[in-house]
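>
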Amino acid sequence: MSHRRSRRVLAVALGAAAGLMGLVALPAGPASAALTACAWQATTFELPAGADGADFSGSDSNRYVVGETGTQPWESDGSLYDPQATLWDNGKIVWHATNGLPHALDVNSSGVMAGDTIINNKFYGITIAKDGTTKMLPGDPAWVDYDAELINNKGDVVGGAIKADLKHVLVLWPANAPGTYRVLPTPSTTELFLQDLDEQGEIIGGTQDAPQGAIWTTSGTYTPLQTPKFADPRAVRGGHIVGGWDTFSTFGAAEWNAQGTMTRNIPGSTAEGFTALGADGTIAGQIWVGYSQHPSLWRGGQVVDPLTAVDTDFVVQWISDDGTRLTGIQDWVPTQYHCS
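Dropping the structure here:
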């Protein structure tokens, strides 16, 4: 599972939207005893020598997290300086790139990562073992570049390729047919955004030239997500999709089913967007308290835990299967909150 959109990009979008918001109240709803009983305690992940910040890109939601470590930028919306791919196992570094390559973008429950490397100025999709050993994924020699961005626990790998006409296509490397790949149906586009891949083979993302978000399946279907204008799907589990939407002037949080139908629409005056999805249907999102954003946990369209003990700068990127761990970045610090 993976969330490819940067936490910093999200924070900038949320900050810009805050100017449109007034004072709002949290939606009332039935409390979840399992969630509201939590006293959330923060722990920080290990950083390599010389690094003071990180940005996450993928996780199995439970044990492994992959991302980049480096030096925090001067600007709040900048990028890490000297970023190096890093893999954590329960918060401890188990592998760390030291020369800028390879790039690691997602990881599954076996600790196998999906990513890319550069050879002779060309990007190639690869998988990376926990010890850093890389394996090249096959591709069409006519592709200008290709990468591997998502991997699920079965070992299915999904990425993007750039053709000679600079159009992008979605590529699957199926776990049940090692050494092969398939190009999945893709609208004509010059940019492809991939966000998440679940165990059922459902892929969420979107395209630049047809910016409406979509759900693909590894069996070869493509379905746009129902939305007022632009959809920003962030996580999928078992065909349940969560994320956000906007029309440039209005925005909100949303849920969709595997057929692309919007099943819940929460206006931006309450929620900026959903960011993570737990195995039990618990959803993480960003709510507005006055003019400030704050993480929260939702179920059934209602806030079940406002996470009042969690730092306002923390964005939940993954919820563990048992719902007791929230993982994300907090002011460039890799952080996990534990239910106690």
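Heads up: the sequence shown runs through residues 437 to 776, numbered per the working numbering.
Each residue gets a CB set at the ideal place from its N, CA and C atoms; glycine is no exception.
Values in this document were obtained by computation on a predicted structure and should not be read as measured data.
(1) What does the Cβ neighbour count give for residue 564, buried or exposed, with the cut at 16 atoms within 10 Å?
(2) Roughly how many whole angstroms lie between the Cα atoms of residue 734 and residue 758?
(3) So what does residue 731 bridge to, in DSSP terms?
(4) Counting Cβ pairs, one atom from each stretch, are 3 or more of them under 8 Å apart for the region 565 to 573 and the region 598 to 606?
(5) Are residue 745 and residue 711 touching if we call contact CB-CB under 9 Å?
(6) For residue 479, I'd like the list of residues in its chain whose CB is within less than 6 Å of its CB, leaving aside the five on either flank, ordered along the chain.
(7) Does the pairing of the region 523 to 541 with the region 574 to 582 give three or more beta-carbon distances under 8 Å?
(8) What are the start and end residues of the beta strand (DSSP E) that includes residue 508?
(9) Do you know offhand how far residue 697's Cα is from residue 611's?
(10) DSSP three-state label for residue 553, please.
(11) Name the DSSP bridge partner or partners of residue 770?
(12) Give me the Cα-Cα distance between residue 495 and residue 684, rounded to the nearest whole angstrom.
(13) Could you give the residue range of the beta strand (DSSP E) that holds residue 558?
(14) If we ignore side chains and look at the alpha-carbon of each, how far apart do residue 766 and residue 751 end up?
(15) Which same chain residues end up closer than 7 Å to residue 455 when comparing Cβ atoms and leaving out the 5 residues on each side of it in sequence?
(16) Could you tell me the distance, in whole angstroms, from the CA atom of residue 502 to the CA atom of residue 493?
(17) Just how far apart, CA to CA, sit residue 517 and residue 639?
Taking the structure as given:
(1) The residue in question, residue 564, is buried, as its Cβ has 16 or more Cβ neighbours within 10 Å.
(2) Computed Cα separation, rounded: 15 Å.
(3) Note: residue 731 sits in a beta bridge opposite 722.
(4) The region 565 to 573 is not in contact with the region 598 to 606.
(5) Contact: no.
(6) Hits under 6 Å: 772.
(7) These segments do not touch.
(8) Careful: residue 508 lies outside any beta strand (DSSP E) and carries neither H nor E.
(9) Their backbone Cα atoms lie some 29 Å apart in a straight line.
(10) Reduced to three states, the DSSP call for residue 553 is strand.
(11) Per DSSP, 765.
(12) Straight through space, the alpha carbons of residue 684 and residue 495 are spaced by roughly 30 Å.
(13) Following the DSSP letters along the chain, one finds residue 558 inside the beta strand (DSSP E) bounded by residues 558 to 564.
(14) Cα-Cα distance, rounded: 7 Å.
(15) Per-residue confidence for residue 455 stands at a pLDDT of 30, beneath the threshold of 50, marking its modelled position as unreliable; the derived number appears in the next sentence. Residues of the same chain with a CB within less than 7 Å of the CB of residue 455, apart from the 5 flanking positions on each side, do not exist.
(16) Spanning the two alpha carbons is a distance of roughly 6 Å.
(17) Taking the straight line from one Cα to the other gives about 31 Å.
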